[in-house]
Each structure stands twice: as C-alpha cells, then as structure tokens.
Amino acid sequence: MAVNQDLVGREFPPTAPYLVGREKVREFARAVFADAPQHTDVKAARAAGYSDVVAPPTFAMVIQDHTLQQLLAEEDSGIVLARTIHAEQRFAYTRPIVAGDELSAQLRVTGIRMMGGNAMITSEAEITDAAGDHVVTATSVLLVGADDADAHEGSAA
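Position 6 (the sequence shown) corresponds to 4 in the numbering used here; numbering is contiguous.
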C-alpha cells in the first residue's frame, strides 16, 4: 500500500496537555549533552530570567511525538513504521520551553513528495501553552520506503 496522498492538509485533534517536569528537562539535557547550567540548575535559569530550568531546543520533539503517534495510527495513511525513518527536523520558537509549562500540540500534514516509490511526508506540529499562546512549531519529515509491490509498480511505468 502506498502512502495516502489525501493526508496532505489533514489536521489532527490537539494532544492532551503535557506538563513539562523539571527532572524530565534535566534528563533530556543530559541525554543530548546540553551542559549549559540553565538546563539543570534552577538558580542559573532564574538568573537568566526564566521561571525554572529551560529545556534544550530539541525537547519540543517530546511533545511533537504525541502528534506523530496520531499520524502513524491512521489506518488509511499507508505509513508502515518498519519502513519509516525520521529524515529531518526543524523548530521555530516564539519562546523557550521551561519546566512547569503545560503544552499541547496539533499536527497538520503539509506535504508529501514521492520519489521512486518512496514518500517524504512533511508535517508541522504547532505547540502552544495552557493560555493557547504559540511556543514552537516543530516540522518533521518522515521518509517512508516503498514496499516491494510499490517499487515494482513505480518501475513499470
């Protein structure tokens, strides 16, 4: 089954709120080798003008993952996880994520580009805080490899 081209423009419901925890930020910072003190030390974060520890920029992926799970669960998507890799990621921030934020995200599929039976699916997750204010837009590109049947159809044309 090929990736469903009708996914383009599809919007998913907002995710349940995710409460950003201080220890989660610290753990994530250690995992990605973000050693700036504002990621782990509350006093350093407050001295820099933040209310609590600041998440590294890629932490938004934790929230975006909830939206990508919605996409992957779509029965008509044609996306097979075993043939899917995360090819690209970008973030456009309005403000940093800090511990204590309660964030929700809403995903929209913005494009699908077919290449030799493979599909590159671009999606944007708008991540907002509890007040509904924009925090970050996370853009992902998933590369879905063709299955054998799709690859043969593409080469026969």
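All residues carry an ideal CB built from backbone N, CA and C; glycine is no exception. Every value quoted in this text rests on a predicted model; they were computed, and no experiment measured them.
The residue among S102, V78 and A29 with its C-alpha nearest the C-alpha of L17 is S102. Fewer than three Cβ pairs drawn from the stretch 26 to 45 and the stretch 120 to 127 lie within less than 8 Å of each other, which leaves the two stretches out of contact. Approximately 4 Å separates the beta-carbon atoms of T13 and H64; this is inside 8 Å, confirming the contact. For A129, there are no CB contacts under 6 Å within the same chain when 5 residues up- and downstream are skipped. The C-beta separation of S75 from V6 comes to about 12 Å, leaving the pair out of contact by the 8 Å criterion. The beta carbon of A46 sits closer than 6 Å to those of Q36, all from its chain and outside the five residues before and after it, given in chain order. Taking a contact to require three or more Cβ pairs closer than 8 Å, the stretch 77 to 94 and the stretch 129 to 141 qualify as touching.
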